[in-house]
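K.L.:
Heads up, the sequence shown is in the numbering used here, so the first residue is 1 and it goes up one at a time. All C-beta atoms in this analysis are idealised placements derived from N, C-alpha and C, irrespective of residue type, glycine included.
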Amino acid sequence: MTSPLLTKLTLVFFSVSAIEPGLVGTQFASTAFAQEAAPKEETTKALYDKMMGYMMSNWMAEGVLQTGDDCAEYILRAITDEKPQLHYFTNKNFEATKKIKFHDMTGEESLRESMKYLS
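(1) Could you tell me whether the Cβ atoms of GLY25 and ASN91 are closer together than 7 Å?
(2) Beta-carbon within less than 7 Å of LYS101's beta-carbon, same chain only, minus the 5 sequence neighbours each way: which residues are those?
(3) Any idea which residues DSSP pairs HIS87 with across the strands?
(4) In angstroms, rounded to a whole number, what distance separates the CA positions of GLN66 and ASN93?
(5) Inspect the beta-carbon positions of ALA38 and TYR48 and report whether they are closer than 7 Å.
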């Protein structure tokens, strides 16, 4: 039987890291965003198409997508770092957007930034 104190100490010394990949160049995107998955309602479909157009022309560009190997490097780093970070973000191309998300706790700045993709 484990003592309550040992359980508490184990939790204190247990390390957890969140690894957040950016856009990864795999077949997932083409499968997830297949036309069959697009909304059918006209207004929603128009917004969806606008957002997808933006994503395909800007985010899916060469040099923005990262490889699975890039993500694996961060996973290995989280495992082997002497003092692992709580959070690893793997795609430097989206660092500015993420800084907005974590800087503004109201979510307003992040929402304004997201709305740019729809205008």
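P.N.:
On the basis of the coordinates in this document:
(1) The residue given as residue 25 occupies position 25 in the sequence shown. The residue given as residue 91 occupies position 91 in the sequence shown. Result no, Cβ atoms of GLY25 and ASN91 do not sit closer than 7 Å.
(2) For this step, residue 101 is matched to residue 101 along the sequence shown. Same-chain partners within the cutoff: SER110.
(3) As a position in the sequence shown, residue 87 is number 87, starting the count at 1. In the DSSP output, where bridge partners are listed per residue, HIS87 has ALA18.
(4) Here residue 66 is taken as the residue at index 66 of the sequence shown, counted from 1. Here residue 93 is taken as the residue at index 93 of the sequence shown, counted from 1. C-alpha separation (whole angstroms): 9 Å.
(5) Taking the sequence shown and counting its residues from 1, the one referred to as residue 38 is at position 38. Taking the sequence shown and counting its residues from 1, the one referred to as residue 48 is at position 48. Against a cut-off of 7 Å, the Cβ pair of TYR48 and ALA38 comes out as a contact.
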